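Encoded as C-alpha cells, the structure appears first; notes follow it.
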Amino acid sequence: MFDTARLRDTVLAAWAASPARFREDANAEEDFALGGYRDRLVVELAQNAADAALRAGVPGRLRLTLADGVLLAANTGAPLDEAGVEGLSTLRVSGKKDETGAAGRFGVGFAAVVSVTDEPSVASRLPSGEIRGVRWSRAETAALVAATPALAGELKGREGHVPLLRLPFGDDAPGVPEGYDTLVRLPLRDQAAEEAVRRMLEEAGPALPLSMPALETVEIEVDGRSRTISAEGWHVVAESGTFTPAQVSELFADRPTEERARPYWEVRWAVPTGRPAGRRDGVPRVVHAPTPSDEPLDLPALLIASFPMTTDRRHVAPGPLTDFLVARAAEAYVRLLGELPATPALLDLVPGLMGSGALDAAIRREIIAALPDTPLLPSISDDADGVPGGVIPGNEARAVEGPAEFLAKIAGIVPGLLPAGWASRHPALTTLGVRRVELADVVDMLSGEAVEDKDPAWWRSLYEALPADDPEAIGAIPVPLADGRLVRGPRGTLVLSPDGAAAATSGASSGVLSSGILSGGVGGGPSGPGSLDPALLAPLGLRIVHPDAVHPLLLRLGTAEATPRTVLEDPLTHAAVAESLNSADPEPVAQAVLALVDAAGLTAGEAPWLAELALRGADGERYAAGELLLAQGSLAGLIDPEVPFGVAAPDLVEKYGPHVLAATGVLDGFAVVNDADVLLDPAECDHDLDLEDEWLEAVLDLLPDLDVPPVVREFTAVRDLEYVADWPNALALLSRPPLRAALRPMRVLAAGETVEVPSYTAWWLSRHPVLGGRRPVELRLPTGDPLLFGLYAEAPAGIDEDALTMMGVRSTLAGLLDARGGPEELLDLLADASLEVDRAQLRSLWIALAAVDPDRVGPPEAVRAVRKGMVTVADVEDGPVVVEAPDLLPLVEDRPLVLAPFDLAEALSDVLDLPLAGETVTGVVTSHGAEKPVPPEVRSLLPGAPATYVEHDELLVDGTPVPWRFSEGVVHATGVEGLARGLAWASGQWGDRLAVAALLRDPARVPLLLAEADLDPVTSL
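Take the sequence shown: its letters are residues 281 to 1301, numbered as in my numbering.
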C-alpha cells in the first residue's frame, strides 16, 4: 500500500549511511513544526484540500471536526497517491510543483501536524471505491531508529526524539466519510495541543476560501457545534500572468530553483460587500502568500499574492520579484476601487501614506501615486459634452460642503462637483487629488457667464438651499435687482413688502423703482408706512431686490426692509443728498427726500447729514438745507443780516410743512445736534460745529491721559451760534427748555469713571461776548461771592443764575479756584491795577490761594501787595516777598509785602513763586544786651514763655533798629512793646501780645486780666 516499506528502507539506509542526515532531517522537521508552521495547521489542511480540488477539477469542500481529542479533516478532490505520500514524507520536496494555481509549493506545509500529534494518518477513496491510507508514528519510528546500530549515538544525543514524517506506514483500517474523498486524522498529543487546535479553528475565517479559490466552503465542527465559512459577500479582483524567460532571469535571480520552475504570478484583492469599508471580520491584517504570513498589511482589504517568502514562510523576501508584485498589487487595488460602487464608502478604502510595515508602505505609495488620475468619483456636473453625471478622476473633482439641494444648484457652475454625502474634509479626498472648494469661493464663482441666464426665481431657490451657518462666507452672494442688475452682496439692498412687488417689477423696465410700503400723498405730518408715491424714489437710484428673489436669508445678511427710515439710511440716499447741490436738476432728489422725511417722522437734528440736501430758496437760488431759514422761524430774527443765509421757498413750506423742512436741516429755531456714544477723539468727534476742535482739546485737557478715548454717552449741542447777532433774545431761548439741556455739563466715561465736562454750547458761550458785550467768564452773579466784587463786573439781569453759571459766569471764589485756569485768572485780575481790592478782601484772597496746588499756577508777572501801608500792584522785578514772621517786618518794610496768616506763608510762597522775607535778609542781631529774667507775672498769660530774654538799649538787626527779634530760641527786645511781642511769638501765643504788653506796664492788673480771659467765649479758646 503506497509502497511505504520501500520509502522507509530508503530513508533508514540513508540515515545509517550518514547519521548527520538523520540529525538534519530531525532538526528541519522540528524547526518547521515548532517555528514557521507552528500555528498553521488549519491553513495547511485547507491548502491541501484546495490543491486536491484543483487537481480533480471539482468544487472544494473541507470539513474540520474536533471531538474526543481528535481532529478530523475531510475534503473533496483528487485522492492521495504514491507521489503525494512521498511528498508528505519528504521535507522541501513538493509533489505539486508543476500544478498551476496550487497553494502548496514547497513540500513543508504538512509538517504543521507535528506540532499537535504523534500519530497522523491520511486516507483517500480511489476512483475504484477502494480506500487506501498511510500513517506516521513517532513511537514506531523511534523503534526502527533504535534498531539501527549506526543511529544509536544520534538517538541518544537527541534524547529519543526522531523525525515523525520521514517514515510512512501503511494504514490497514482507513475510513473516509461519505461525500468526501480524503480524510486526515490527527489524534492530538495532549490538552495543550487540543487547546491550540481549538484556538486555530475559532480564528479560521473567510481568508481561507478567499486565499484558496478552489476551496468553496469550509465547515468547522467543534464539540457538536458547527459553522460554515465561504467567500460569499466579498468582492474579489484578481490579476495573474506568466513570466517571460527574460523576466525569470531578471526577477528570480535571487530565488531558489524550484520557484523559478513556476514562472507565473497572481495578485488578488478582496473586500467585504454590504459591510462598512475596512471591516474584515475574521481576516488577519497580514499579507497572504497565499497562506497568511507575518507581514503586516493595514490596508482595508485582503491581499493574496504570490510573493516570494523567506525560508520560515513568515515574511516576504525583498528583491526585484517583490517589487514587481508590489506594482501589480497596486494596479489591482486601483482596479478594485474602480469596480466598487462609487459611494462615499469608497473613501474608507483609500489608503493613507503611513503603512504598518515596509511592504505595506511600498504598496500604499504605488496606489496613492495612481489614484488621482483614476476615474473613481461620481460627478453631478456636466462633462465636456454637456452630459450630466459620470465618473471622473480625483484630480478633476471638486468637493463642496453643503446639502444636496445646494449642490444641485451649483452643479452647473462648479466643474467636477461631488454629490452630497461625500465629506468634503475627508482626508481620502486629498489623496485622490480632489480640490476642496470653500463656500466663499463658490460664492465668488457665481458671476459672469456662469449665472447670466439665471432668473430671480433661481436665485431665490439658491438662497433657500444655501448653507447659512457661516454668514461671512456667503456675505458676497449676488443679489438680482428689480431693475435687472446683479449686485454683489445683500448689504445696501432693500426688500419691498409684498404689496409693492408688482409696482417694482412693472417699474423696472422704465427705470422707476417703487415700494409698496411707500405710497400715497405727503404733507401735514408723518403718515407712516404706505405714505409715499413709489415714483418719488427713482431719483435715489436705490438697489431694490427683485421680488421673485426675496428670501429671509437676505435680511440676515444685511438687506434692509424698505421703510421710510431704512430708505433714508441707505448709502445711495446719502450719496444722492451729498451730490444734490452739484446736480443739474436736484428737484427730484429733494422731493423724494422730503417725502421720506415726512413719512419717517424725523425731527430736527435727528439726521444732521440731511442739511446738505439742495433746496430752493425764496429768491429762486439753490441752497443747502442747512443754509436756509424759515421765514417765520424764531431764528430768523436772531441771525446777523450779513450772514449769507437764504429763506426757504414758500411753496416748499406750504407743501411739506415747517417741521419737515426743519428735520431736513432748514433752520427754524436753533438747530440741535444729538448723538450717542461719541468718542472724544479728533478723528471721531466731528459734528461740523464752530470751534468744535478747540472745545474737544479743552475737554481732553481736563481729563488724564488715556489709552482709550473717553466716551460721551449723550452728546447734545446747539449749532450756528456763530451767526447770532441778537444775543439777549438768543440767550432767552438758550436758557429755557428744551435748548437749556445743551448747557448742562456732559457726562464722560473715562477710564471706567464718569466725570462731568463743560458742554460744547456752554463752552462756546463762555468764550464769546454774549452778555452785554462781555464774555460770561468776565462776569459774576449779582448774588455771587463778595470776595469777587471789584474783580468781576456784574452779569446783566433777566437770565436765571443757573443758566449764567453753566455759561461760565462766576459765582463763588471756591468755584473759580476749582475751575481749570481759575487760580491764574484770579492772579491776573489781582495784577490789574484798574480793579479795586481792599486790604481785608486781599488777605482773604491770599488765604484761599494758599490752598491751591502750585502745579496749577504759573509764576505771575505782578502781584497785589501792601507797600508802606497801601494796597498796590507790584511787578515781580520790584522784589515782593511773602512775610512769614512779624519780627522781619522792619527789615523788609521798603519792599512790596504779601501779607497773610504766617502759617500759610510757605504755601503761598510756593503758589506765587516768591521768596519768603527770611530768604531775603540775614536777620543777625548786631547789638549787645543783658540777659534778664522774664517777670513771673507773664507766665500767668504765657505758660510757655522762656525763662529769660536779652534786653537791649537799642536792638540792631542787620544794623537796623528794631523793637524785637526772636533768633535761635532767644528773645531780644527793647522796651515793653518789643518784649511783649517777642515773648508772645516765642510762646506761640501771638494773639496775646497786647495783653502781655498791658501786664508788663502794670503787673497789678494781672488778676483783672486773668478774670477777663476766663470770660472769653468758647470759640476763642
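Glycine included, C-beta positions come from ideal geometry on N, C-alpha and C. Because the structure is a prediction, the values reported are computed rather than measured.
Cut-off 6 angstroms between Cβ atoms - residues of its own chain near residue i, not counting five sequence neighbours on either side
{"i": "ILE757", "result": "VAL723"}
{"i": "ALA1210", "result": "GLU1231"}
{"i": "ARG902", "result": "ALA894"}
{"i": "VAL547", "result": "GLU519, ALA585, ARG608, ALA609 and ALA612"}
Element boundaries [alpha helix (DSSP H), containing residue i]
{"i": "TYR903", "result": "Counting along the chain, TYR903 falls outside any alpha helix (DSSP H), though it belongs to the beta strand (DSSP E) covering 902 to 904."}
{"i": "MET725", "result": "719 to 725"}
{"i": "ILE660", "result": "Neither: ILE660 is in no alpha helix (DSSP H) and is coded neither H nor E."}
{"i": "ALA293", "result": "284 to 297"}
{"i": "PRO600", "result": "600 to 619"}
{"i": "ASP981", "result": "972 to 982"}
{"i": "TYR936", "result": "930 to 936"}
{"i": "ASN355", "result": "Premise fails: ASN355 lies in the beta strand (DSSP E), 350 to 355, not in any alpha helix (DSSP H)."}
{"i": "LEU629", "result": "That residue, LEU629, is in no alpha helix (DSSP H); it is neither H nor E in DSSP."}
{"i": "PHE995", "result": "No alpha helix (DSSP H) holds PHE995; the beta strand (DSSP E) holding it covers 991 to 998."}
{"i": "SER741", "result": "736 to 745"}
{"i": "ASP331", "result": "321 to 336"}
{"i": "VAL877", "result": "867 to 880"}
7 angstroms CB neighbourhood of residue i in its chain, flanking five on each side removed
{"i": "THR785", "result": "Since pLDDT at THR785 reaches only 42, below the 50 mark, its modelled position is unreliable, and the value read off the structure follows with that caveat. Hits under 7 angstroms: ALA762 and PRO827."}
{"i": "ALA1030", "result": "LEU983, LEU986 and PRO990"}
{"i": "GLY1268", "result": "GLY1224"}
{"i": "LEU495", "result": "ALA326, ALA329, ALA330, ALA333, GLY340, LEU342, LEU488 and PRO489"}
{"i": "ILE672", "result": "PRO655, LEU657, SER659 and GLY696"}
{"i": "PHE686", "result": "ALA745, LEU746 and PRO747"}
{"i": "VAL338", "result": "THR356 and GLY357"}
N- and C-terminal bounds of the beta strand (DSSP E) containing residue i
{"i": "THR773", "result": "773 to 775"}
{"i": "LEU959", "result": "952 to 959"}
{"i": "HIS515", "result": "514 to 522"}
{"i": "ARG507", "result": "505 to 510"}
{"i": "SER404", "result": "401 to 405"}
{"i": "TYR544", "result": "544 to 552"}
{"i": "PRO448", "result": "448 to 451"}
{"i": "VAL847", "result": "From DSSP, VAL847 is part of no beta strand (DSSP E) but of the alpha helix (DSSP H) over 844 to 849."}
{"i": "THR1034", "result": "1033 to 1037"}
Status (buried if at least 16 other CB within 10 Å, exposed otherwise) for residue i
{"i": "THR522", "result": "exposed"}
{"i": "TYR544", "result": "exposed"}
{"i": "PRO1287", "result": "exposed"}
{"i": "VAL927", "result": "buried"}
{"i": "ARG593", "result": "buried"}
{"i": "PRO1283", "result": "exposed"}
{"i": "THR571", "result": "buried"}
{"i": "TRP975", "result": "buried"}
{"i": "ASN307", "result": "exposed"}
{"i": "GLY437", "result": "exposed"}
{"i": "THR421", "result": "buried"}
{"i": "PRO457", "result": "exposed"}
{"i": "GLU482", "result": "exposed"}
Supposed close pair residue i, residue j - CB separation, criterion 8 angstroms
{"i": "LEU833", "j": "ALA748", "result": "6 angstroms"}
{"i": "LEU617", "j": "LEU656", "result": "6 angstroms"}
{"i": "LEU1221", "j": "ASP1272", "result": "6 angstroms"}
{"i": "PRO1320", "j": "ALA511", "result": "Because the chain here runs from 281 to 1301, residue 1320 falls outside it and cannot be looked at."}
{"i": "ALA427", "j": "LEU435", "result": "So it is not a contact: roughly 10 angstroms between Cβ atoms."}
{"i": "LEU1093", "j": "GLU1105", "result": "At roughly 12 angstroms, the Cβ-Cβ gap does not stay under 8 angstroms, so LEU1093 and GLU1105 are not in contact."}
{"i": "LEU1023", "j": "ALA1083", "result": "6 angstroms"}
{"i": "VAL567", "j": "VAL596", "result": "6 angstroms"}
Minimum Cβ-Cβ distance from residue i to chain C less than 8 angstroms
{"i": "LEU941", "result": "Considering every chain present, this structure includes no chain C. It has just one protein chain."}
Beta-carbon proximity list for residue i, same chain, < 8 angstroms, skipping 5 on both sides
{"i": "PRO683", "result": "ALA700, ALA745 and PRO747"}
{"i": "GLU852", "result": "Before going further, note that residue 852 is Leu rather than Glu in the sequence given. For LEU852, where only same-chain residues beyond five positions count, the Cβ hits under 8 angstroms are GLY772, LEU820, GLY821, LEU822 and ARG823."}
{"i": "LEU1196", "result": "VAL1161, VAL1162, VAL1163, GLU1164, ALA1185, GLU1186 and SER1189"}
Within the stretch 1221 to 1289, ranges of the alpha helix (DSSP H) (whole runs, at least 4 residues): 1255 to 1267 and 1273 to 1281
Minimum length 3: unbroken beta strand (DSSP E) runs contained in the stretch 1191 to 1216: 1210 to 1213
Complete alpha helix (DSSP H) runs within the stretch 1059 to 1118 (minimum length 4 residues, chain order): 1081 to 1087, 1093 to 1098 and 1102 to 1110
Length-filtered (3 minimum) beta strand (DSSP E) runs lying within the stretch 454 to 510: 462 to 467, 495 to 502 and 505 to 510
In chain order, each beta strand (DSSP E) run of at least 3 residues that lies wholly inside the stretch 1116 to 1165: 1142 to 1147 and 1150 to 1155
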